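S.K.:
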């Protein structure tokens with residue numbers, strides 16, 4: 004066996020270029036698997052540990068005002084483990100040296116100690132001392148944005164009262180891992196803060212002595228969460244409860260969890276595509292390499308080596324290549340995963356990252372790569388070892404020439420001799436040519452799927468912020484206000500148009516399914532907040548019924564015309580039945596829309612609005628933003644173009660970073676495959692090419708025989724790249740249909756052009772490398788008979 008082991012090393016040295024290209028294919032597949040799984044596991048494990056260590060609550064509820072004495076009866080609800088009543092108050096902040104308005108919310112802490120639930124992780128400093136009413140703990144993101152440290156002074160405006168405080172500590176909370184202001188999608192650490200204050204001090208400032216307006220609840224193991232939520236709703240209804248909900252409806256937890264789910268999907272779908280393509284490519288490439296060594300196999304069999312020993316030799320050759328590719332893929336995958344998770348950590352405020360390369364993942368990566376490689380190799384090995392030595396020692400018998408339709412075609416008569424040789428060779432080796440076309444086409448398809456993500460994300464943001472959201476400023480009020488506020492806003496300097504809206508928290512019921520959401524009442528024909536259906540030719544909202552986004556309708560199992568039950572979670576808490584009037588396609592978030600007058604009728608209330616959309620002259624936008632932010636009845640002000648820029652930045656740093664890695668890997672695979680095909684084609688036809696030179700063909704004509712074949716195969720592979728890439732993109736699109744983000748399935752000519760360009764560039768580079776070999780062709784050595 005020592006002889007075969009030496010042969011393995013010599014084969015690796017002789018085939019080093021091809022072996023490196025095959026290892027690159029394997030490394031690309033392993034890299035996608037490792038960095039997807041590691042990224043998913045790192046965020047998932049970090050989230051799980053942080054939640055457990057800080058006793059993150061399972062259920063949350065908000066009320067207008069409830070006496071603290073009712074907390075004890077709530078603890079008696081079956082399934083409840085702990086109840087934490089607290090005070091929550093909106094606030095405005097003032098910082099020396101920062102002129103923009105800052106909003107935030109202040110949460111109470113039990114005087115001088117940690118709460119039982121949602122405990123803080125102190126990055127710096129300490130909790131407020133028990134007897135102090137002028138100390139606060141500040142959220143880590145806000146402190147970092149402004150360079151705050153323990154001991155710095157702040158000014159808070161709570162309930163219209165100015166409160167001078169000092170920072171006692173800087174902390175993280177499991178409740179605000181993803182810290183965004185209400186109604187916003189992206190963090191703004193400079194202009195939005197979370198603070199914690201002793202309960203006695205906050206209750207006095209907000210008028211909540213002996214009362215609470217927010218509740219956190221933890222559940223016993225195996226508790227029925229829905230039953231607990233229902234019991235809480237009944238108990239809190241008289242105190243203005245707006246509906247208890249699980250942590251899965253808390254925006255921070257929901258956003259982080261959906262990102263983790265997205266990584267989990269990518270960890271399955273993308274590596275599967277890469278590794279399946281790798282298996283096919285290895286089948287094509289290794290099969291041709293092994294068939295090119297048929298004379299060596301015959302000699303080994305003649306010297307007494309059995310089929311098993313020879314098969315093991317090629318399995319070992321494949322294994323060494325796979326191991327080299329796997330090691331490179333694991334190392335690069337771990338590095339890429341660390342870089343990706345570091346990007347996420349800029350947005351997700353965890354105390355530390357639980358990041359490690361686990362042994363099971365290494366075994367999985369190597370095992371999957373090995374299975375893919377062996378699936379692609381064993382058939383060729385088996386065909387090789389079945390040949391008899393006498394047959395294998397002879398060169399393959401020349402194929403019988405048959406004059407077919409191609410020989411008599413006008414195309415053939417119009418071509419030169421070198422081009423005729425190309426077409427004849429492809430026609431006589433149709434299966435080999437087809438395998439090469441499919442292999443190169445699949446690698447081009449991988450290029451298309453990476454580019455698809457880049458384009459789909461950009462199109463999704465354009466659709467949301469350029470087509471749907473036509474306003475410049477989105478204003479939300481703390482409480483419902485009379486509709487006359489629209490006239491007041493129109494008189495603000497720079498305001499060109501105003502549309503008001505009314506939002507009401509509801510729970511939608513469709514049979515056994517339900518979803519908690521804000522029902523948005525709008526003008527009959529909204530212009531500043533368009534619905535996608537209006538862009539398709541329809542105008543306005545229907546006079547009766549509710550319009551849902553397609554994702555929400557699917558979650559509820561509804562189609563247009565179906566009955567829909569609406570349970571209002573504020574005011575009189577009515578439950579009414581209406582119908583689903585239509586479905587609209589929105590790529591970001593979920594929504595339920597209704598005419599504002601219809602919403603008032605269903606709620607049994609008079610006209611009121613909770614927000615407004617403004618079209619503003621850009622010269623006045625900054626002044627208007629500052630003016631509105633100072634008004635106590637305004638809960639939030641969002642500049643839509645700024646929000647769009649933040650979303651684009653987030654997508655570029657996370658999703659598009661993912662896509663860029665895929666494009667790079669796909670390009671590497673495309674080159675590796677085309678180079679291997681070209682290199683093997685050269686090895687198979689080296690003797691023929693030398694013969695042509697002896698017969699008087701010029702070096703350019705001889706080169707064209709091989710390079711022209713490579714070019715023709717690559718061009719034929721482009722439609723395969725388009726078809727396979729479209730299929731891969733569709734699979735990815737279906738897998739990544741999530742609540743917050745749904746990539747549109749749009750394949751443009753630019754994507755097809757990119758895939759075609761990738762195949763052409765890879766083919767050109769491969770051709771240039773082969774041309775160097777052709778220039779060094781040794782005719783004497785090449786013409787030696789194999790026997």
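In our numbering, the protein residues as written are 4 to 790. Where is the CB? At the ideal position from N, CA and C, for every residue including glycine. Quantities reported herein were computed from a predicted structural model and do not represent experimental measurements.
#1: Measuring alpha carbon to alpha carbon, tell me which residue in 681, 6, 112 is nearest residue 302.
#2: Given this structure, state the Cα-to-Cα distance separating residue 623 from residue 499, to the nearest angstrom.
#3: Less than 8 Å between the C-beta atoms of residue 508 and residue 572, yes or no?
#4: Roughly how far, in whole angstroms, is the beta-carbon of residue 720 from the beta-carbon of residue 447, given that I think they are within contact range, below 8 Å?
#5: Rounded to a whole number of angstroms, what is the C-alpha to C-alpha distance between residue 91 and residue 108?
#6: So, using beta-carbon positions, are residue 116 and residue 106 closer together than 8 Å?
#7: Would you mind reading off the limits of the beta strand (DSSP E) that contains residue 167?
#8: Quick one: residues in its chain with C-beta nearer than 8 Å to the C-beta of residue 609, no 5 flanking neighbours on either side, listed in chain order?
#9: For residue 293 and residue 692, what's the separation of their Cα atoms in angstroms?
#10: Alpha carbons only, please: which of 164, 331, 231, 55 is nearest the one belonging to residue 78?
#11: What's the C-alpha gap between residue 148 and residue 768?
#12: Please state whether DSSP places residue 751 in a helix, a strand or coil.
#13: So, using beta-carbon positions, are residue 41 and residue 346 closer together than 8 Å?
#14: With 16 as the cutoff for other CB atoms within 10 Å, does residue 213 come out buried or exposed?
#15: Taking the alpha-carbon of residue 654 as reference, which of 53, 288, 350 has the nearest alpha-carbon?
#16: Specify the secondary structure class of residue 538 as computed by DSSP and reduced to three states.
#17: Taking all protein chains shown into account, do 16 or more other C-beta atoms lie within 10 angstroms of the C-beta of residue 2, making it buried, or fewer, making it exposed?
#18: So, is residue 788 buried or exposed, given that buried needs 16 or more other C-beta atoms within 10 angstroms?
#19: Select from 531, 759, 86 the residue whose C-alpha is nearest the C-alpha of residue 473.
#20: Would DSSP call residue 150 helix, strand or coil?
#21: Measuring alpha carbon to alpha carbon, tell me which of 746, 762, 593, 635 ends up nearest residue 162.
#22: What is the DSSP secondary structure of residue 770, counted as helix, strand or coil?
#23: Whole angstroms are fine: how far does the CA of residue 366 sit from the CA of residue 777?
#24: Under the rule that 16 or more other beta-carbon atoms within 10 Å means buried, what is residue 391, buried or exposed?
#25: Do residue 478 and residue 343 have their CB atoms nearer than 8 Å?
#26: Per the DSSP calculation, residue 517 is bridged to which residue(s)?
#27: Between which two residues does the beta strand (DSSP E) carrying residue 88 extend?
#28: How about residue 599 and residue 525: do their beta carbons lie closer than 8 Å?
#29: Less than 8 Å between the CB atoms is what I'm expecting for residue 259 and residue 181, so what's the real figure, rounded?
#30: For the alpha helix (DSSP H) holding residue 557, just list the boundary residues, first then last.
#31: Give the DSSP-derived three-state secondary structure of residue 105 in the structure shown.
#32: From residue 355 to residue 71, what distance separates their C-alpha atoms?
#33: Work out the CA separation of residue 275 and residue 137 for me, nearest whole Å.
#34: In terms of alpha-carbon separation, which member of 714, 701, 164 lies closest to residue 204?
#35: From residue 110 to residue 65, what distance separates their C-alpha atoms?
#36: Pick helix, strand or coil for residue 121, following the three-state DSSP scheme.
M.R.: From the atom records:
#1: In the chain shown, residue 302 corresponds to position 299, counting from 1. The shortest Cα separation from residue 302 among 681, 6, 112 belongs to 6.
#2: Locating residue 623 in the chain shown gives position 620, where the first residue counts as 1. Locating residue 499 in the chain shown gives position 496, where the first residue counts as 1. Using only the alpha carbons, I get a separation of about 11 Å.
#3: Here residue 508 refers to the residue found at position 505 of the chain shown. Here residue 572 refers to the residue found at position 569 of the chain shown. Contact flag set, yes.
#4: Position 717 of the chain shown, counted from the start, is the residue given in the question as residue 720. Position 444 of the chain shown, counted from the start, is the residue given in the question as residue 447. That belief holds up - the Cβ atoms of residue 720 and residue 447 are roughly 6 Å apart, short of 8 Å.
#5: Within the chain shown, residue 91 is the residue found at index 88, counting from 1. Within the chain shown, residue 108 is the residue found at index 105, counting from 1. Straight-line Cα distance between these residues: approximately 7 Å.
#6: For the purposes of this step, residue 116 is identified with residue 113 of the chain shown, where counting begins at 1. For the purposes of this step, residue 106 is identified with residue 103 of the chain shown, where counting begins at 1. For residue 116 and residue 106, no; Cβs fall outside 8 Å.
#7: As a position in the chain shown, residue 167 is number 164, starting the count at 1. From DSSP, the beta strand (DSSP E) with residue 167 extends over 164 to 175.
#8: On the chain shown, position 606 is the one that residue 609 refers to. For residue 609, where only same-chain residues beyond five positions count, the Cβ hits under 8 Å are 603.
#9: Numbered from its first residue, the chain shown carries residue 293 at position 290. Numbered from its first residue, the chain shown carries residue 692 at position 689. Between residue 293 and residue 692, the C-alpha separation is close to 21 Å.
#10: To locate residue 78, count along the chain shown from 1; it is residue 75. Out of 164, 331, 231, 55, 231 has the C-alpha closest to the C-alpha of residue 78.
#11: The count along the chain shown starts at 1 and reaches residue 148 at position 145. The count along the chain shown starts at 1 and reaches residue 768 at position 765. Near 48 Å, if we compare the C-alpha coordinates of residue 768 and residue 148.
#12: Locating residue 751 in the chain shown gives position 748, counting from the first residue. Here residue 751 sits in coil by DSSP.
#13: One-based indexing of the chain shown puts residue 41 at position 38. One-based indexing of the chain shown puts residue 346 at position 343. Their beta carbons are not under 8 Å apart, which means residue 41 does not touch residue 346 by this criterion.
#14: Taking the chain shown and counting its residues from 1, the one referred to as residue 213 is at position 210. It is exposed - the Cβ of residue 213 has fewer than 16 other Cβ atoms within 10 Å.
#15: For the purposes of this step, residue 654 is identified with residue 651 of the chain shown, where counting begins at 1. Selected option, being the one with the closest Cα: 350.
#16: Locating residue 538 in the chain shown gives position 535, where the first residue counts as 1. Confidence at residue 538 is low in this model, with a pLDDT of 42, below 50, so its placement is unreliable and the value that follows should be read with caution. Helix.
#17: Coverage of the chain is limited to positions 4 through 790, which leaves residue 2 absent and any answer about it impossible.
#18: Against the chain shown, residue 788 aligns to sequence position 785. Summary for residue 788: the model assigns pLDDT 49, below 50, so the residue's position carries little reliability, and this model does not support an answer.
#19: Start at 1 with the first residue of the chain shown, and residue 473 comes out as number 470. Among 531, 759, 86, the Cα nearest to that of residue 473 is on 531.
#20: Within the chain shown, numbered from 1, the residue matching residue 150 stands at position 147. It is coil, neither helix nor strand.
#21: For the purposes of this step, residue 162 is taken as the residue at position 159 of the chain shown. Of 746, 762, 593, 635, the residue nearest in Cα terms is 635.
#22: Taking the first residue of the chain shown as 1, we reach residue 770 at position 767. Correct three-state label for residue 770: helix.
#23: Locating residue 777 in the chain shown gives position 774, counting from the first residue. Locating residue 366 in the chain shown gives position 363, counting from the first residue. Those two C-alpha atoms are separated by around 42 Å.
#24: Residue numbering aside, residue 391 sits at position 388 when the chain shown is read from its first letter. Under this definition residue 391 is an exposed residue.
#25: To locate residue 478, count along the chain shown from 1; it is residue 475. To locate residue 343, count along the chain shown from 1; it is residue 340. Going by C-beta atoms, residue 478 is not nearer than 8 Å to residue 343.
#26: Translated into positions along the chain shown, residue 517 becomes position 514. The partner list for residue 517 (beta bridge, DSSP) reads 512.
#27: If you number the chain shown from 1, residue 88 lands on position 85. 83 to 89 is the extent of the beta strand (DSSP E) around residue 88.
#28: Here residue 599 corresponds to residue number 596 of the chain shown, with the count starting at 1. Here residue 525 corresponds to residue number 522 of the chain shown, with the count starting at 1. Cβ distance < 8 Å, so residue 599 and residue 525 count as in contact.
#29: Indexing the chain shown from 1 puts residue 259 at position 256. Indexing the chain shown from 1 puts residue 181 at position 178. Indeed, because the Cβ distance is near 5 Å, the residues count as touching under 8 Å.
#30: The residue given as residue 557 occupies position 554 in the chain shown. Taken as a continuous stretch (DSSP letters only), the alpha helix (DSSP H) holding residue 557 covers 553 to 559.
#31: As a first step, residue 105 must be located in the chain shown, where it is residue number 102. Note: residue 105 maps to strand in three-state DSSP.
#32: The residue you call residue 355 lines up with position 352 of the chain shown. The residue you call residue 71 lines up with position 68 of the chain shown. Computed Cα separation, rounded: 35 Å.
#33: In the chain shown, counting from the first residue as 1, residue 137 sits at position 134. In the chain shown, counting from the first residue as 1, residue 275 sits at position 272. Residue 137 and residue 275: Cα-Cα distance of roughly 57 Å.
#34: Numbered from 1 along the chain shown, position 201 holds the residue referred to as residue 204. Per the Cα distances, 164.
#35: Taking the chain shown and counting its residues from 1, the one referred to as residue 110 is at position 107. Taking the chain shown and counting its residues from 1, the one referred to as residue 65 is at position 62. About 13 Å.
#36: The residue labelled residue 121 in the question sits at position 118 within the chain shown. Correct three-state label for residue 121: coil.
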